[in-house]
Amino acid sequence: MTTEVADEASSTAWDWIYRLSGYVLMQAVIVVICALLLRQSPPEPPARYRLTEAALVDATGERVVGLPHHYPSRFTLNDPPLYHLRFERPAGEADQSWSVFLPRFTNGVEVAVNGAVILDSRRDPEANRPDRNTPQIAAIPAPLLRDGANLLTVRLFVWEPLTGFLDRLYVGPDDDLRPAYNRRTLLFLTLSVVFSSWQAILAVILGIMWLKRRHEPAYGILAAAMAIGTVQAFVSTPPVGQSLYAGLNALFIASAPLESAFVLVFVFLFLGLKLPRHAAAIFIPGLLIVAIGLYGNPHLVRRSYLLLGPPTVGFCLVTTAIVIARTAISRRDIVSLFLGSAVTVVMSCWIHDMLSVLNILSDRRIFIARLSYSALLVAIGAGLTWRFARALNEVDSFATRLVGLVREAEDKLRESFAREEERTRAAALASERTRLMRDLHDGLGGQLVSIVALSERSGRDGAQIGEAARGALRDLRLVIDAMDDIDGDLMLALGSWRERIAAQLRPHGLALDWRALTPEGLPVHPELRPWHVIQILRLLDEAVTNAVKHAGARRITVSLETIAGAEGPGHGRITIEDDGHGFALSPDGEAAASAPKAARGLSNMRKRAASCGARLELASSPAGTRVRLDLPARFPATEQAAR
Amino acid sequence: MAPVSDGQPTSAIRVLLVEDDAPTRWRLHDALAAPATFAVTTAATLAEARAALGETGPQVLLTDLQLPDGHGVELIRETRQRFPQTEIMVISILGDEESVISAIMVGATGYILKDAFPTDIAATVRDLVAGHSPISASIARFIVRRTQAQPGRSPQPALNTTRLTPREIDILWGIAKGFSYADIAAHLGLSRQTVPGHIKSIYRKLEVNTRGEAVFEALQQGLIKL
Chain A
1 MTTEVADEAS STAWDWIYRL SGYVLMQAVI VVICALLLRQ SPPEPPARYR LTEAALVDAT
61 GERVVGLPHH YPSRFTLNDP PLYHLRFERP AGEADQSWSV FLPRFTNGVE VAVNGAVILD
121 SRRDPEANRP DRNTPQIAAI PAPLLRDGAN LLTVRLFVWE PLTGFLDRLY VGPDDDLRPA
181 YNRRTLLFLT LSVVFSSWQA ILAVILGIMW LKRRHEPAYG ILAAAMAIGT VQAFVSTPPV
241 GQSLYAGLNA LFIASAPLES AFVLVFVFLF LGLKLPRHAA AIFIPGLLIV AIGLYGNPHL
301 VRRSYLLLGP PTVGFCLVTT AIVIARTAIS RRDIVSLFLG SAVTVVMSCW IHDMLSVLNI
361 LSDRRIFIAR LSYSALLVAI GAGLTWRFAR ALNEVDSFAT RLVGLVREAE DKLRESFARE
421 EERTRAAALA SERTRLMRDL HDGLGGQLVS IVALSERSGR DGAQIGEAAR GALRDLRLVI
481 DAMDDIDGDL MLALGSWRER IAAQLRPHGL ALDWRALTPE GLPVHPELRP WHVIQILRLL
541 DEAVTNAVKH AGARRITVSL ETIAGAEGPG HGRITIEDDG HGFALSPDGE AAASAPKAAR
601 GLSNMRKRAA SCGARLELAS SPAGTRVRLD LPARFPATEQ AAR
Chain B
644 MAPVSDGQPT SAIRVLLVED DAPTRWRLHD ALAAPATFAV TTAATLAEAR AALGETGPQV
704 LLTDLQLPDG HGVELIRETR QRFPQTEIMV ISILGDEESV ISAIMVGATG YILKDAFPTD
764 IAATVRDLVA GHSPISASIA RFIVRRTQAQ PGRSPQPALN TTRLTPREID ILWGIAKGFS
824 YADIAAHLGL SRQTVPGHIK SIYRKLEVNT RGEAVFEALQ QGLIKL
């Protein structure tokens with residue numbers, strides 16, 4: 001027993017480990033795919049226009065550096081470094097317009113050709129956002145260019161929190177450079193605007209959903225995360241020190257920690273997990289940065305951001321990934337798996353960005369964490385909308401099912417109503433019968449009994465009167481009996497008939513044999529009506545009367561049986577036999593004229609049998625008479641004419 | 644109950660006959676005329692019958708239900724309470740279920756028809772004293788149909804059939820369908836002699852505990868409505 005439990009526990013543990021390793025393996029594959037994709041270099045113009053060497057002039061003096069170049073300072077607005085680059089323009093290309101293309105730099109550049117400034121990126125708000133990977137291109141006015149050697153000067157402005165960076169430059173014909181510029185713009189600016197727009201729309205939809213469904217805070221949380229992201233994306237951030245909105249600016253800087261905190265809370269709510277007790281603490285770093293931004297100086301803001309921002313984002317990302325992984329492993333559902341994979345993608349991008357910021361990963365300093373995060377949010381929003389639509393469908397199908405159920409209940413009600421009516425009808429019939437019986441009992445019955453009693457006292461003359469009165473009483477009982485509700489079981493009617501006949505035969509010294517040849521006797525006929533019963537009982541009465549009065553029998557045998565049919569349940573047969581001397585039958589089955597009274601009786605029996613669709617068969621010999629009544633498989637609803 | 648030997652009582656059976664219709668009363672009295680077998684006292688009203696019950700009560704009470712000064716059911720109930728040993732039968736014109744069942748519920752164990760042949764009447768009373776309660780097919784039918792009916796649906800009287808055993812119900816079915824005791828016994832694997840005992844047991848189970856006045860009141864209400 002104990003071993004079994006242990007086995008079970010260990011098998012569960014093994015199962016869990018097996019699932020965990022499966023999940024981890026899958027995420028590892030995703031990380032590898034991300035890494036391979038991130039190694040793809042972004043669009044670049046032809047290499048022959050590339051400038052990779054510059055003379056750097058700054059406070060420390062002049063030196064030759066290779067591009068891309070990381071400038072270690074975090075702040076150079078007052079004393080920016082200068083990069084001097086030389087390029088040749090072939091003599092034959094004077095009629096072509098030339099441009100300078102800067103694929104990537106942080107944070108601002110001022111570009112001059114042969115001493116004349118042609119571009120200041122600080123005037124472009126998009127370019128001031130280090131997280132946007134904004135490329136810049138500037139056409140060089142033709143008069144500035146000389147055939148042969150030209151001088152390109154790039155002044156690099158750096159403001160916190162990032163250090164300075166200048167990627168390789170391209171100088172060449174505009175036609176050759178612009179396609180790469182356009183593709184980069186599409187990838188890093190337009191796409192991010194598209195995502196942000198989706199985010200804005202989803203924020204509105206989810207916000208409305210939350211307003212109408214306050215008990216589902218997940219919608220509200222996600223709407224808040226999206227709203228912050230949207231504001232961050234669309235409100236421009238001017239370089240430090242130049243804005244009156246330094247406080248507001250702080251809010252946008254703090255957006256990443258705040259958003260990641262919101263996403264973490266959302267994931268808890270979405271997966272239906274219980275929020276940890278101090279979950280609200282995850283918002284503290286973001287709010288702290290906002291507070292410093294509102295009341296402290298810009299330098300402090302950036303310091304605090306560097307200190308609090310990335311760790312918070314990282315913590316949130318890792319926690320989110322762990323929470324989703326645990327759910328995905330224990331629940332094994334597709335939603336958690338999808339969510340987990342998406343978070344893994346975002347995390348890979350974020351780590352890539354962090355390595356890039358810290359100059360550990362020497363590359364082009366392309367930041368993609370925000371882009372992937374936006375994509376993640378849009379995917380989640382789409383998923384929620386899909387879930388919402390599915391819920392609506394469920395409501396629809398529930399309504400349909402409800403309609404079906406109501407219809408079913410209605411049908412049942414109608415059925416039970418019909419049954420109730422039938423029952424009421426039966427009860428009415430029963431009470432009618434009771435009333436009639438009481439009437440007959442008190443009136444006619446009492447009178448007839450008195451006649452019987454009186455006739456017996458008046459000696460021999462009264463015998464016939466008494467017999468007639470007894471006959472009338474018998475008839476009365478037969479009618480009342482036939483009216484009883486016997487549910488089509490003719491055996492029940494015959495049970496009472498047997499008693500009456502036995503009482504009638506006893507004074508004559510006749511014995512009655514009652515035989516059921518098949519265990520159940522006669523089959524049940526649900527369509528049996530009182531008039532059928534009366535006809536059959538009277539027919540049997542007459543058969544017995546004939547045996548007693550005309551045949552001089554000593555013993556009468558009544559047999560009941562069910563004759564199995566070729567198909568269906570078969571039909572009932574009642575046979576009455578006597579051991580009398582019989583009577584002569586004419587060739588057509590009628591009694592001979594010599595027995596006129598019996599003949600009348602026989603013709604009556606035939607009529608009765610025919611009226612309820614039964615077949616009568618007579619056989620008479622000096623050894624006795626046999627009356628065989630074959631009941632129909634189904635009694636007719638209306639009386640049949642005698643054939 | 645009187646001791647019985649060879650189906651013949653050692654002394655005359657004391658019978659109280661209550662019937663208001665004089666010719667019928669005479670007729671029934673004549674049917675029980677054999678002096679060695681029966682000692683018949685007659686009464687025409689409820690009051691006379693109460694007086695005739697005496698201190699010890701008769702062995703057999705035969706009573707009509709409709710009496711000039713009251714209902715036979717009251718007499719049956721009183722007799723059943725005072726003299727539990729007395730066998731009671733109802734005298735019925737038609738043997739209709741309503742009146743017979745009412746009588747059974749207060750303690751009667753069968754009925755005789757007013758127009759029954761004298762020999763049958765004497766035989767029935769003798770059988771009753773010997774412990775063979777008669778039951779007719781129509782009464783058996785009424786009882787078994789009531790075992791199938793849902794409560795609250797049936798008309799008066801409110802017959803309680805819940806105490807009947809399946810075997811007893813089988814016996815009632817057999818009787819309702821006209822089978823003889825011998826047939827029923829053979830079919831159910833019983834001894835033929837035990838069937839009358841079962842029938843008596845059925846009667847006793849259908850009897851309402853008449854000490855419960857409320858039940859009796861309800862019964863009377865039902866009878867008045869009949």
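So the protein sequences, as listed, match chains A and B.
FYI, the numbering used here numbers position 40 of the first sequence as 40, with every residue one higher than the one before it.
Positions in the second sequence are counted from 1; adding 643 to them yields the numbering used here.
Just so it is clear, CB atoms sit at the ideal spot from N, CA and C, and this is done for glycine as well.
It should be emphasised that the depicted structure is a prediction, and the values quoted were computed from it without experimental measurement.
Item to check | Check whether S455(A) and G446(A) have beta carbons under 8 Å apart | outcome: No, these two residues do not count as a Cβ contact at 8 Å.
Checklist entry - What did DSSP end up calling M1(A) once you bin it into helix, strand or coil? => result With a pLDDT of 45 at M1(A), under the threshold of 50, the predicted position of this residue should be treated as unreliable, though the coordinate-derived value follows. DSSP places M1(A) outside both helix and strand once states are collapsed to three, so it counts as coil.
Next on the checklist: Just verifying my parser: in three-state terms, what is the DSSP assignment at D649(B)?
Outcome noted: The predicted model places D649(B) with a pLDDT of 41, which falls under 50 and marks its position as unreliable; any figure quoted below should be read in that light. If DSSP states are grouped into helix, strand and coil, D649(B) belongs with coil.
Checklist entry - Beta-carbon of A759(B) versus every beta-carbon of chain A: anything under 8 Å? => result Interface residue (Cβ-Cβ distance to chain A less than 8 Å): A759(B) is classified as such.
Item to check | Close beta carbons around A783(B), own chain, < 7 Å, minus the five adjacent residues each side | outcome: Here the set comprises L815, I818 and A819.
Checklist entry - CA-CA distance, R326(A) and F268(A)? => result One C-alpha to the other measures close to 12 Å.
Item to check | Buried/exposed call for T106(A), threshold 16 Cβ in 10 Å | outcome: Looking at its Cβ environment, which holds 16 or more other Cβ atoms inside 10 Å, T106(A) is buried.
Checklist entry - Mapping DSSP to helix, strand and coil, what is L337(A)? => result Helix at L337(A).
Item to check | Contact set for L473(A): own chain, Cβ-Cβ below 8 Å, skip 5 residues either direction | outcome: Close CB contacts of L473(A) within its chain, under the 8 Å cut and outside five residues either way in sequence, are with G445, L448, V449 and V452 (chain order).
Item to check | Simplified DSSP assignment, three categories, for D870(B) | outcome: A query on residue 870(B) cannot be resolved here, the shown segment of chain B reaching from 644 to 869 and no further.
Checklist entry - Taking three-plus beta-carbon pairs below 8 Å as touching, is the region 332 to 339 of chain A in contact with the region 220 to 237 of chain A? => result Cβ pair count under 8 Å is below three, so no.
Checklist entry - Buried or exposed: which applies to R835(B), given that a residue is buried once 16 or more other Cβ atoms fall within 10 Å of its Cβ? => result That one is exposed.
Checklist entry - Which first and last residues belong to the alpha helix (DSSP H) in which Q724(B) is found? => result Here the alpha helix (DSSP H) through Q724(B) covers G715 to R725.
Checklist entry - Is the region 119 to 127 of chain A touching the region 194 to 209 of chain A in the sense that three or more CB pairs, one from each, lie closer than 8 Å? => result No: fewer than three Cβ pairs fall under 8 Å.
Checklist entry - Expressed to the nearest angstrom, what Euclidean distance is found between the alpha-carbon atoms of T76(A) and R302(A)? => result Per the coordinates, the alpha-carbon of T76(A) lies some 15 Å from the alpha-carbon of R302(A).
Checklist entry - Based on the DSSP secondary-structure assignment, which residues constitute the bridge partners of G61(A)? => result Beta-bridge pairing by DSSP links G61(A) to D58(A).
Item to check | Chain-order list of residues whose beta-carbon lies under 6 Å from that of G381(A) (same chain, five-residue window excluded) | outcome: Only L202 meet the Cβ criterion.
Next on the checklist: Using C-beta distances below 6 Å, list every residue in its chain close to R628(A), excluding the 5 sequence neighbours before and after it, in chain order.
Outcome noted: Non-local beta-carbon contacts of R628(A) in its own chain, meaning distances under 6 Å to residues more than five positions away in sequence, involve T575 and E617 in chain order.
Checklist entry - Where DSSP assigns a beta bridge to L756(B), which residues make up the other side? => result BP columns for L756(B) point to S735(B).
Checklist entry - Can you list the residues of chain A that L815(B) reaches, using a CB-CB cut of under 8 Å? => result Going along chain A, no residue has its Cβ under 8 Å from L815(B), so there is no contact; the nearest lies around 11 Å.
Checklist entry - Going by alpha carbons, who is nearest to L67(A) out of P130(A), L20(A), R168(A) and T12(A)? => result Closest option to L67(A), judged by alpha-carbon separation, among P130(A), L20(A), R168(A) and T12(A): R168(A).
Next on the checklist: Using 8 Å as the cut-off, can you tell me whether the region 695 to 705 of chain B makes contact with the region 650 to 669 of chain B, which would need three or more C-beta pairs spanning the two stretches below that distance?
Outcome noted: Judged by Cβ distances under 8 Å, the region 695 to 705 of chain B makes contact with the region 650 to 669 of chain B, as three or more pairs qualify.
Next on the checklist: Between the alpha carbons of A281(A) and Y373(A), how many angstroms are there, rounded?
Outcome noted: Those two C-alpha atoms are separated by around 22 Å.
Checklist entry - If you run the structure through DSSP and keep just helix, strand and coil, what is L560(A)? => result Assignment of L560(A) by DSSP, reduced to helix, strand and coil, places it in the strand class.
Checklist entry - Alpha carbon to alpha carbon, what distance is there between M26(A) and I351(A)? => result Between I351(A) and M26(A), the C-alpha separation is close to 18 Å.
Checklist entry - Any chance the region 55 to 69 of chain A sits against the region 130 to 144 of chain A, with 3 or more Cβ pairs inside 8 Å? => result Touching, no, given that fewer than three Cβ pairs across the two stretches are closer than 8 Å.
Checklist entry - Mapping DSSP to helix, strand and coil, what is T685(B)? => result DSSP places T685(B) in the strand class (E or B) of the three-state scheme.
Next on the checklist: For R506(A) and D763(B), which I take to be in contact (beta-carbon distance under 8 Å), what is that distance rounded to the nearest angstrom?
Outcome noted: About 7 Å separates the beta carbon of R506(A) from that of D763(B), a gap short enough to meet the 8 Å contact definition.
Item to check | Contact the region 719 to 731 of chain B vs the region 404 to 421 of chain A: 3+ CB pairs below 8 Å | outcome: Put simply, the region 719 to 731 of chain B does not touch the region 404 to 421 of chain A. Fewer than three CB pairs are less than 8 Å apart.
Checklist entry - Which stretch, first to last residue, makes up the beta strand (DSSP E) that contains W514(A)? => result It spans A511 to A516 - the beta strand (DSSP E) in which W514(A) sits, taken as one unbroken run.
Checklist entry - For E527(A), which option in G488(A), Q504(A) and A516(A) has the closest C-alpha, if you only look at C-alpha atoms? => result Of the candidates G488(A), Q504(A) and A516(A), the residue whose Cα lies closest to the Cα of E527(A) is G488(A).
Next on the checklist: Strictly below 7 Å CB to CB, what residues from chain C border S781(B)?
Outcome noted: The chain inventory of the structure shown lacks chain C, comprising the protein chains A and B.
Checklist entry - Using a C-beta cutoff of 8 Å, does I778(B) count as contacting chain A? => result Not an interface residue.
Checklist entry - If A619(A) and D578(A) are in contact, beta carbons under 8 Å, what's the gap, nearest whole angstrom? => result 11 Å between Cβ atoms; not a contact.
Item to check | Min CB distance G795(B) to chain A below 8 Å | outcome: Reliability of the predicted coordinates at G795(B) is poor, the pLDDT of 47 falling under 50, and the value obtained from them is presented with this limitation in mind. Not a single C-beta of chain A is nearer than 8 Å to the C-beta of G795(B).
Next on the checklist: With a threshold of 8 Å between beta carbons, is R425(A) in contact with chain B?
Outcome noted: Any Cβ of chain B closer than 8 Å to the Cβ of R425(A) would place that residue at the interface, and such an atom is absent.
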